[in-house]
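Counting from 273, one number per residue, gives the positions in the sequence shown under the working numbering. Backbone N, C-alpha and C fix where the C-beta goes; we use that ideal spot for every residue, glycine too. Please read these numbers as outputs of a predicted model, since none were measured by experiment. Okay, so here's the structure we're looking at.
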Amino acid sequence: MLVDKIVFKIFYVSVGLVIVAKNLHALESSVNYRLGTSYTDNSLLNVNNKKDELTVNTLVGFSLGDQLRVINYSLLANVNYTNYTKNTLADTTFYKMIADFNWEIIPSSLTWQINNNLSVQERNQLNRPLPTNKQQVNIFSTGPSYIYRLSPINSILLDY
């Protein structure tokens, strides 16, 4: 299947990134792979129209991160593919990426942050948690944070 090929390509690329990253710097890195199955006797979550389903779920991902003197960053990315073997629902592929970058302009006082979060969320919280009720959402934010020290114990944080 095309999706299987894509998942395995991402897996091989992420393994390569981890190997290269470990050789370049003291980077924290990991590769994740998960394969699982689940069975339900009511896949549509409907009292009047019960249908059983066996799903096969594959997740491939990697994470990188480093804490330098004034710059800290991390990246987590994965692909989650679900195959509905009895075709009660369409097969789904969801992507997740969390990227954080933190620059300490004035150590322990002024920082600049960049955050990006790509994830899956439900379209309507009141509807059933089916794949048809899910969507990819990307949230990007950037801005400064300032810590004003009132005393050695107390401080005020002004955040973007």
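Since T365 and Y353 are thought to touch, with beta carbons under 8 Å apart, how far apart are those beta carbons, to the nearest angstrom? Residue numbering aside, residue 365 sits at position 93 when the sequence shown is read from its first letter. Residue numbering aside, residue 353 sits at position 81 when the sequence shown is read from its first letter. T365 to Y353, Cβ: 5 Å. Contact.
Taking the CB atoms as reference points, tell me whether V351 and P379 lie closer together than 8 Å. In the sequence shown, residue 351 corresponds to position 79, counting from 1. In the sequence shown, residue 379 corresponds to position 107, counting from 1. In this structure, P379 does not lie closer than 8 Å to V351 by Cβ.
DSSP has D431 in a bridge; who is on the other side? Counted from its first residue, the sequence shown places residue 431 at position 159. The partner list for D431 (beta bridge, DSSP) reads S417.
Compute the Euclidean distance between the alpha carbons of D372 and I386, then round it to the nearest angstrom. Here residue 372 is taken as the residue at index 100 of the sequence shown, counted from 1. Here residue 386 is taken as the residue at index 114 of the sequence shown, counted from 1. Going by the C-alpha atoms only, they are around 6 Å apart.
Using only CA atoms, which one of I419, P424, S423 and N426 lies nearest to Y432? Along the sequence shown, one-based indexing puts residue 432 at 160. The shortest C-alpha separation from Y432 is found at I419.
From E394, G308 and I370, pick the residue whose C-alpha is nearest to that of V328; which is it? Against the sequence shown, residue 328 aligns to sequence position 56. Comparing Cα-Cα distances from V328 to each of E394, G308 and I370, the minimum goes to G308.
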